Amino acid sequence: MTDLSEELFKFNPWWEKEFAPQIVSRPFYEDYLSRNTETKPIILIAGLRRTGKTTLMKAHIRKLLKEVEAKYLFYASLDSLVLENFKVSEILREYRKVHDLRIDEKVYLFLDEVGYRDTIHQELKNLYDTENVKIFASSSSASILRDTGAMLTGRSKILEVLPLDFHEFLSFRKIDVLRAETYLMEKYFEEYMKIGGMPEYVLTEDVEYLDNLVEGIIYRDIMAQYGVRNVSSLRDFFRLLMERAGKQFSINKIARIMGSSPDTARRYTDYFLQTYLIYFVERCGKLNERLRSPKKVYCADVGIRNLVTGFRDKGAIFENLVYLKVRRQQPCYVYQDGIELDFLTGDTLVEVKYGQELSGKQKRLFDEFACNKKIVVGDVHDYVKLNLES
31 MTDLSEELFK FNPWWEKEFA PQIVSRPFYE DYLSRNTETK PIILIAGLRR
81 TGKTTLMKAH IRKLLKEVEA KYLFYASLDS LVLENFKVSE ILREYRKVHD
131 LRIDEKVYLF LDEVGYRDTI HQELKNLYDT ENVKIFASSS SASILRDTGA
181 MLTGRSKILE VLPLDFHEFL SFRKIDVLRA ETYLMEKYFE EYMKIGGMPE
231 YVLTEDVEYL DNLVEGIIYR DIMAQYGVRN VSSLRDFFRL LMERAGKQFS
281 INKIARIMGS SPDTARRYTD YFLQTYLIYF VERCGKLNER LRSPKKVYCA
331 DVGIRNLVTG FRDKGAIFEN LVYLKVRRQQ PCYVYQDGIE LDFLTGDTLV
381 EVKYGQELSG KQKRLFDEFA CNKKIVVGDV HDYVKLNLES
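Residue numbers (the numbering used here): 31 to 420.
Shown next, in the form of structure tokens:
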């Protein structure tokens with residue numbers, strides 16, 4: 031057996047024995063993969079490191095094993111040292127050779143961390159065009175998926191995996207709370223606001239794990255990828271981003287605080303965007319208004335934010351959690367005559383008021399704003415009821 035084939039058997043234990051990993055279900059993502067398994071487009075699974083992309087792939091493999099013979103299911107992590115010198119086509123040729131599979135026999139490919147391949151977009155396109163395959167591919171880099179998408183226009187769909195929402199947080203901790211149990215719901219939501227939704231951290235609350243995750247992203251995904259040398263400057267910039275979570279973000283202002291040029295601040299911002307550590311929300315309006323106006327910045331996980339800033343400003347944390355819940359609807363924020371409303375998604379206006387009431391000019395703008403549906407989210411119960419999924 032060659033080193034390559036031996037590595038493939040390590041990655042695919044179901045070829046030789048029963049595969050029954052203990053995995054906590056995440057129905058939204060699992061249902062999406064199930065609905066798209068027999069369609070042609072490549073499924074690009076994207077998101078922040080350690081949000082469960084690999085686990086999601088393994089969960090789907092476990093499900094497919096009930097319907098598909100094990101030899102037709104193939105998984106490989108492309109950041110493996112053994113695989114780094116092989117093209118994807120060479121890896122798949124070895125896979126087919128191991129199982130005596132003809133080129134016309136359909137196989138299901140799960141390719142993890144494709145961001146390590148500079149030519150992955152071309153390789154995926156070639157596979158899509160020439161072989162009988164269904165491809166699921168993951169990446170922790172938005173820039174790689176952006177480049178991939180350019181070549182795979184019409185050939186791919188993107189599924190973004192977010193940290194756990196509150197329902198998933200409770201599920202991971204094996205907590206069952208009735209909505210009528212108000213005091214318990216509020217207690218556990220307070221914990222969720224502190225801990226956030228990184229799956230491993232939710233289970234262990236190991237602060238060192240979370241710190242190492244952030245450090246790994248800074249060193250591995252930013253410094254190594256983009257050749258940044260000033261690690262202390264990069265860390266300080268990240269702290270400022272976390273401090274600004276839920277607020278308007280000005281490149282020029284943050285550059286002045288850092289004592290750097292706007293170009294440097296712009297580059298650093300883009301680096302963190304590409305790792306999925308932060309998100310931006312634009313102002314609603316015409317193109318020139320969107321381009322001229324500052325964006326609002328949100329963090330991908332409030333646990334990471336709290337690691338950096340400490341657990342304070344619950345209103346900002348709560349708004350960040352609401353943003354993550356409505357993110358798939360691509361919200362923008364409303365700004366008129368110096369008054370801001372948090373999120374407009376399609377024809378639904380959402381204003382976040384943690385433990386407060388709308389009043390004054392903001393209430394007047396909220397009441398007069400033209401849209402079909404208006405929601406004020408003020409506490410955990412409003413948060414739980416909030417559902418804008420189409």
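Beta carbons: idealized from backbone N, C-alpha and C, even for Gly. Quick caveat: nothing in here was measured; it's all calculated off a predicted structure.
Quiz item: Once you ignore the five residues that flank Ala346 on each side, which residues in its own chain have a CB closer than 8 Å to its CB?
Solution: Within the same chain, Ala346 has close Cβ partners Ala275, Gly276 and Lys277.
Quiz item: Going by Cα to Cα distance, which pick from Glu68, Val118, Glu114 and Ser170 is closest to Ala76?
Solution: For Ala76, the closest C-alpha among the options Glu68, Val118, Glu114 and Ser170 is that of Ser170.
Practice problem: Could you please give me the residues that DSSP links to Leu189 through a beta bridge? | Solution: Note: Leu189 sits in a beta bridge opposite Ile75.
Quiz item: Lys393 and Tyr363 look like a contact to me (Cβ under 8 Å); what is the Cβ gap, rounded to whole Å?
Solution: In fact, because the Cβ distance is near 17 Å, the residues do not count as touching under 8 Å.
Quiz item: Going straight from the alpha carbon of Val163 to that of Glu370, what length do you get?
Solution: Using only the alpha carbons, I get a separation of about 48 Å.
Quiz item: Using a Cβ-Cβ cut-off of 6 Å (strictly less than) and excluding sequence neighbours within five positions of Ile91, which residues of its own chain qualify?
Solution: So the qualifying residues of the chain are Leu103.
Quiz item: Which residues in the same chain have their Cβ closer than 6 Å to the Cβ of Leu243, if we skip the five residues on either side of it in sequence?
Solution: Closer than 6 Å at Cβ, skipping near neighbours: Arg80.
Quiz item: What's the C-alpha gap between Trp45 and Arg322?
Solution: Our two residues, Trp45 and Arg322, have alpha carbons roughly 56 Å apart in a direct line.
Practice problem: Taking 8 Å as the cut-off, decide whether the C-beta atoms of Val191 and Gly333 are in contact. | Solution: No Cβ-Cβ contact shorter than 8 Å links Val191 with Gly333.
Quiz item: Is Glu120 helix, strand or coil by DSSP?
Solution: Annotated three-state conformation of Glu120 is helix, per DSSP.
Practice problem: Grab the span of the alpha helix (DSSP H) containing Val414 for me, first residue to last. | Solution: Residues Val410 to Lys415.
Quiz prompt | Sub-8 Å separation of Ser168 and Asp134 beta-carbons | solution = Against a cut-off of 8 Å, the Cβ pair of Asp134 and Ser168 comes out as no contact.
Self-check item: Close beta carbons around Asp377, own chain, < 7 Å, minus the five adjacent residues each side
Solution: So the list reads Cys401, Asn402 and Lys403, once near-sequence residues are dropped.
Quiz item: If we call anything under 8 Å between Cβ atoms a contact, is Leu38 one with Val98?
Solution: Not closer than 8 Å, so no.
Quiz prompt | Beta carbon of Ser107 nearer than 8 Å to that of Phe41 | solution = Contact: yes.
Self-check item: Environment of Ala254 [buried if 16+ CB atoms lie within 10 Å]
Solution: Exposed.
Quiz prompt | Counted within 10 angstroms of its Cβ, other Cβ atoms place His151 as buried (16 or more) or exposed | solution = Only buried fits His151, as 16 or more other CB atoms lie within 10 angstroms of its CB.
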